[in-house]
(Lines of atoms letter the chains of each structure in order from A; the text may use other names.)
(Lines give C-alpha, C1' and ligand atoms only; values in the text may rest on other atoms or scores of the structure.)
Protein backbone atom coordinates (compact mmCIF):
# COMPACT_ATOMS: atom_id res chain seq x y z
CA UNK A 1 0.00 0.00 0.00
CA UNK A 2 1.21 3.51 -0.81
CA UNK A 3 1.21 6.46 1.58
CA UNK A 4 -1.67 7.95 -0.40
CA UNK A 5 -3.65 4.71 0.07
CA UNK A 6 -2.96 4.79 3.80
CA UNK A 7 -4.03 8.44 3.96
CA UNK A 8 -7.25 7.52 2.19
CA UNK A 9 -7.89 4.80 4.75
CA UNK A 10 -7.06 7.16 7.62
CA UNK A 11 -9.53 9.77 6.40
CA UNK A 12 -12.14 7.09 5.73
CA UNK A 13 -11.82 6.05 9.38
CA UNK A 14 -12.15 9.69 10.46
CA UNK A 15 -15.35 9.83 8.43
CA UNK A 16 -16.62 6.84 10.36
CA UNK A 17 -15.77 8.58 13.64
CA UNK A 18 -17.74 11.62 12.49
CA UNK A 19 -20.73 9.42 11.69
CA UNK A 20 -20.57 7.71 15.08
CA UNK A 21 -20.41 10.92 17.14
CA UNK A 22 -22.76 13.04 15.03
CA UNK A 23 -20.10 15.12 13.30
CA UNK A 24 -17.11 17.17 14.43
CA UNK A 25 -17.43 19.46 17.42
CA UNK A 26 -16.01 22.93 18.05
CA UNK A 27 -14.52 23.76 21.42
CA UNK A 28 -16.60 26.92 21.66
CA UNK A 29 -19.66 24.67 22.07
CA UNK A 30 -18.10 22.04 24.37
CA UNK A 31 -18.07 21.71 28.15
CA UNK A 32 -16.70 19.34 30.73
CA UNK A 33 -20.26 18.22 31.50
CA UNK A 34 -20.38 16.29 28.23
CA UNK A 35 -19.71 12.57 28.45
CA UNK A 36 -16.14 12.54 27.14
CA UNK A 37 -14.12 9.34 27.27
CA UNK A 38 -11.52 9.38 30.03
CA UNK A 39 -8.69 8.95 27.54
CA UNK A 40 -8.35 9.31 23.80
CA UNK A 41 -6.68 10.86 20.77
CA UNK A 42 -8.03 14.03 19.13
CA UNK A 43 -7.78 15.46 15.61
CA UNK A 44 -8.30 19.15 14.83
CA UNK A 45 -9.49 20.05 11.32
CA UNK A 46 -9.02 23.24 9.34
CA UNK A 47 -12.29 25.10 8.57
CA UNK A 48 -12.80 25.72 4.89
CA UNK A 49 -9.91 23.51 3.76
CA UNK A 50 -10.32 20.06 2.29
CA UNK A 51 -8.12 17.32 0.89
CA UNK A 52 -6.86 17.82 -2.63
CA UNK A 53 -9.09 15.13 -4.18
CA UNK A 54 -12.14 15.10 -1.92
CA UNK A 55 -14.30 17.34 0.25
CA UNK A 56 -12.96 15.83 3.48
CA UNK A 57 -11.65 18.47 5.88
CA UNK A 58 -7.93 18.03 6.41
CA UNK A 59 -6.33 17.40 9.78
CA UNK A 60 -4.04 20.13 11.11
CA UNK A 61 -3.22 18.85 14.60
CA UNK A 62 -3.11 15.46 16.30
CA UNK A 63 -2.81 15.13 20.06
CA UNK A 64 -3.31 12.97 23.10
CA UNK A 65 -2.60 13.16 26.83
CA UNK A 66 -1.47 11.12 29.85
CA UNK A 67 1.37 9.26 28.17
CA UNK A 68 3.60 9.52 31.25
CA UNK A 69 3.24 6.70 33.74
CA UNK A 70 1.03 7.80 36.63
CA UNK A 71 -0.53 10.75 34.81
CA UNK A 72 -4.18 11.38 35.62
CA UNK A 73 -4.91 13.92 32.88
CA UNK A 74 -8.18 13.23 31.07
CA UNK A 75 -9.09 13.93 27.46
CA UNK A 76 -11.25 16.88 28.49
CA UNK A 77 -8.45 18.22 30.71
CA UNK A 78 -6.24 18.48 27.63
CA UNK A 79 -8.94 19.96 25.42
CA UNK A 80 -9.72 22.51 28.14
CA UNK A 81 -6.07 23.63 28.14
CA UNK A 82 -6.41 24.39 24.43
CA UNK A 83 -9.81 26.05 25.00
CA UNK A 84 -8.42 28.50 27.56
CA UNK A 85 -10.48 30.43 30.10
CA UNK A 86 -14.24 30.80 30.02
CA UNK A 87 -16.56 33.76 30.40
CA UNK A 88 -16.54 33.32 34.17
CA UNK A 89 -12.87 34.18 34.51
CA UNK A 90 -12.88 37.51 36.33
CA UNK A 91 -9.39 38.58 35.27
CA UNK A 92 -9.01 37.29 31.71
CA UNK A 93 -12.26 35.92 30.27
CA UNK A 94 -11.85 33.96 27.03
CA UNK A 95 -8.08 34.18 27.34
CA UNK A 96 -5.86 31.27 28.23
CA UNK A 97 -2.42 30.07 29.24
CA UNK A 98 -0.21 29.27 26.27
CA UNK A 99 2.51 28.08 28.63
CA UNK A 100 0.23 25.17 29.49
CA UNK A 101 -0.69 24.34 25.87
CA UNK A 102 1.88 23.93 23.12
CA UNK A 103 -0.94 24.22 20.58
CA UNK A 104 -1.85 27.68 21.91
CA UNK A 105 1.81 28.69 21.98
CA UNK A 106 2.39 27.71 18.34
CA UNK A 107 -0.77 29.45 17.13
CA UNK A 108 0.23 32.60 19.02
CA UNK A 109 3.73 32.52 17.49
CA UNK A 110 2.23 32.39 14.01
CA UNK A 111 -0.13 35.30 14.75
CA UNK A 112 2.82 37.34 16.04
CA UNK A 113 4.81 36.59 12.88
CA UNK A 114 1.92 37.22 10.48
CA UNK A 115 1.05 40.63 11.95
CA UNK A 116 4.58 41.64 13.10
CA UNK A 117 3.64 41.84 16.77
CA UNK A 118 7.02 40.91 18.23
CA UNK A 119 7.41 44.18 20.15
CA UNK A 120 3.92 43.86 21.64
CA UNK A 121 4.56 40.34 22.98
CA UNK A 122 8.28 40.06 23.82
CA UNK A 123 7.85 37.31 26.44
CA UNK A 124 5.53 34.96 24.50
CA UNK A 125 8.25 32.34 24.00
CA UNK A 126 9.64 32.57 27.54
CA UNK A 127 9.01 30.10 30.31
CA UNK A 128 7.80 31.49 33.61
CA UNK A 129 11.12 30.51 35.20
CA UNK A 130 13.00 32.88 32.89
CA UNK A 131 10.70 35.89 33.39
CA UNK A 132 11.81 38.24 36.16
CA UNK A 133 8.77 40.52 35.98
CA UNK A 134 5.51 40.19 37.90
CA UNK A 135 3.50 37.37 36.34
CA UNK A 136 0.22 39.23 36.59
CA UNK A 137 1.69 42.08 34.53
CA UNK A 138 2.85 39.62 31.87
CA UNK A 139 -0.60 37.99 31.78
CA UNK A 140 -2.21 41.40 31.34
CA UNK A 141 0.25 42.20 28.54
CA UNK A 142 -0.48 38.96 26.71
CA UNK A 143 -4.24 38.89 27.27
CA UNK A 144 -5.32 40.28 23.90
CA UNK A 145 -3.22 37.72 22.05
CA UNK A 146 -4.48 34.90 24.28
CA UNK A 147 -8.01 35.94 23.28
CA UNK A 148 -7.08 35.82 19.60
CA UNK A 149 -5.61 32.36 20.07
CA UNK A 150 -8.78 31.22 21.87
CA UNK A 151 -10.95 32.51 19.03
CA UNK A 152 -8.85 30.66 16.46
CA UNK A 153 -8.69 27.31 18.25
CA UNK A 154 -12.32 27.29 19.39
CA UNK A 155 -13.42 27.56 15.76
CA UNK A 156 -11.42 24.49 14.67
CA UNK A 157 -13.69 21.45 14.23
CA UNK A 158 -12.29 18.36 15.90
CA UNK A 159 -12.90 14.64 16.24
CA UNK A 160 -11.62 12.12 18.76
CA UNK A 161 -11.41 8.41 19.39
CA UNK A 162 -11.83 6.56 22.68
CA UNK A 163 -8.59 4.80 23.67
CA UNK A 164 -8.84 4.06 27.37
CA UNK A 165 -5.50 2.42 28.12
CA UNK A 166 -3.14 3.09 31.00
CA UNK A 167 -0.82 6.12 30.82
CA UNK A 168 2.45 5.03 29.23
CA UNK A 169 4.80 6.03 26.44
CA UNK A 170 3.96 2.62 24.96
CA UNK A 171 0.19 3.15 25.12
CA UNK A 172 -2.06 2.70 22.10
CA UNK A 173 -2.84 6.41 22.38
CA UNK A 174 0.81 7.33 21.94
CA UNK A 175 1.11 4.81 19.11
CA UNK A 176 -1.87 6.26 17.23
CA UNK A 177 -0.78 9.86 17.82
CA UNK A 178 2.82 9.37 16.69
CA UNK A 179 1.97 7.39 13.58
CA UNK A 180 -0.95 9.59 12.53
CA UNK A 181 1.36 12.61 12.67
CA UNK A 182 4.04 10.80 10.67
CA UNK A 183 1.50 9.70 8.05
CA UNK A 184 -0.06 13.15 7.66
CA UNK A 185 3.22 15.06 7.60
CA UNK A 186 4.64 16.30 4.31
CA UNK A 187 8.15 16.85 5.70
CA UNK A 188 10.65 15.14 3.38
CA UNK A 189 7.77 13.35 1.67
CA UNK A 190 5.81 13.81 -1.52
CA UNK A 191 3.33 16.58 -0.75
CA UNK A 192 -0.15 15.13 -0.40
CA UNK A 193 -3.11 17.39 0.39
CA UNK A 194 -1.14 20.66 0.09
CA UNK A 195 -2.04 23.39 2.54
CA UNK A 196 -3.81 26.52 1.35
CA UNK A 197 -1.68 29.66 1.00
CA UNK A 198 -3.68 31.36 3.73
CA UNK A 199 -3.18 28.65 6.35
CA UNK A 200 -1.93 30.39 9.52
CA UNK A 201 0.68 27.69 10.14
CA UNK A 202 2.63 28.89 7.10
CA UNK A 203 3.65 31.89 9.20
CA UNK A 204 5.11 29.70 11.93
CA UNK A 205 8.78 30.13 12.70
CA UNK A 206 8.95 26.34 12.99
CA UNK A 207 10.11 24.66 9.79
CA UNK A 208 8.44 21.47 10.97
CA UNK A 209 5.04 23.17 11.13
CA UNK A 210 5.43 25.01 7.83
CA UNK A 211 6.59 21.93 5.92
CA UNK A 212 4.45 19.29 7.61
CA UNK A 213 1.20 21.25 7.34
CA UNK A 214 0.43 20.36 10.96
CA UNK A 215 0.49 22.23 14.25
CA UNK A 216 2.82 19.47 15.42
CA UNK A 217 6.60 19.40 15.71
CA UNK A 218 7.33 15.99 17.21
CA UNK A 219 7.12 12.94 14.91
CA UNK A 220 6.69 14.94 11.69
CA UNK A 221 9.93 13.43 10.34
CA UNK A 222 9.29 9.90 11.58
CA UNK A 223 8.47 6.88 9.46
CA UNK A 224 4.95 5.62 10.13
CA UNK A 225 3.89 2.06 10.81
CA UNK A 226 0.88 1.21 8.60
CA UNK A 227 -0.29 -1.29 11.25
CA UNK A 228 -1.40 1.63 13.43
CA UNK A 229 -4.43 1.98 11.17
CA UNK A 230 -5.77 -1.34 12.49
CA UNK A 231 -5.43 -0.07 16.08
CA UNK A 232 -7.08 3.17 15.02
CA UNK A 233 -9.95 1.23 13.39
CA UNK A 234 -10.57 -0.65 16.66
CA UNK A 235 -10.67 2.67 18.53
CA UNK A 236 -13.23 4.03 16.06
CA UNK A 237 -15.57 1.13 16.88
CA UNK A 238 -15.42 1.97 20.60
CA UNK A 239 -16.14 5.67 20.19
CA UNK A 240 -19.58 7.01 21.09
CA UNK A 241 -21.12 10.53 21.23
CA UNK A 242 -20.25 12.65 24.29
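Residue numbers (UniProt numbering): 1 to 242.
Glycine is no exception: its CB is placed at the ideal position from the N, C-alpha and C atoms.
Looking from the CA of residue 18, the closest CA among 161, 151 and 115 belongs to 161. Taking 4 residues as the shortest admissible run, the segment 92 to 150 contains the following complete alpha helix (DSSP H) segments, listed from N- to C-terminal end: 102 to 115.
Within the segment 24 to 53, no run of alpha helix (DSSP H) at least 4 residues long lies entirely inside it.
In the three-state scheme derived from DSSP, where H, G and I count as helix and E and B as strand, residue 183 is classed as helix. Collapsing the DSSP output to three states places residue 57 in a strand. Residue 67 sits in coil when the DSSP states are folded into three classes, being neither helix nor strand.
Taking residue 226 as the centre and dropping the five residues before and after it, the same chain places the C-beta of 1 and 6 closer than 8 Å to its C-beta, in chain order. By the neighbour-count definition (other C-beta atoms within 10 Å, threshold 16), residue 240 is an exposed residue. With at least 16 other beta carbons inside 10 angstroms of its own, residue 95 counts as buried.
By the beta-carbon neighbour count (other beta carbons within 10 angstroms, threshold 16), residue 22 is exposed. With a 10 Å radius around the Cβ and a threshold of 16 neighbouring Cβ atoms, residue 204 comes out buried. Under the criterion of beta carbons closer than 8 Å, residue 75 and residue 153 do not qualify as touching, at roughly 16 Å. Sixteen is the threshold: since fewer than 16 other Cβ atoms of the shown chains lie within 10 Å of the Cβ of residue 137, the residue is exposed. Residue 200 and residue 3 do not touch by the CB rule: their CB atoms are close to 25 Å apart, not below 8 Å. Around the C-beta of residue 33, fewer than 16 other C-beta atoms lie within 10 Å, and the residue is accordingly described as exposed.
In the structure shown, residue 214 falls within a coil segment according to DSSP collapsed to helix, strand and coil.
Under the DSSP assignment, residue 76 falls in the alpha helix (DSSP H) whose first and last residues are 75 to 83. The Cβ-Cβ distance between residue 40 and residue 69 does not fall below 9 Å.
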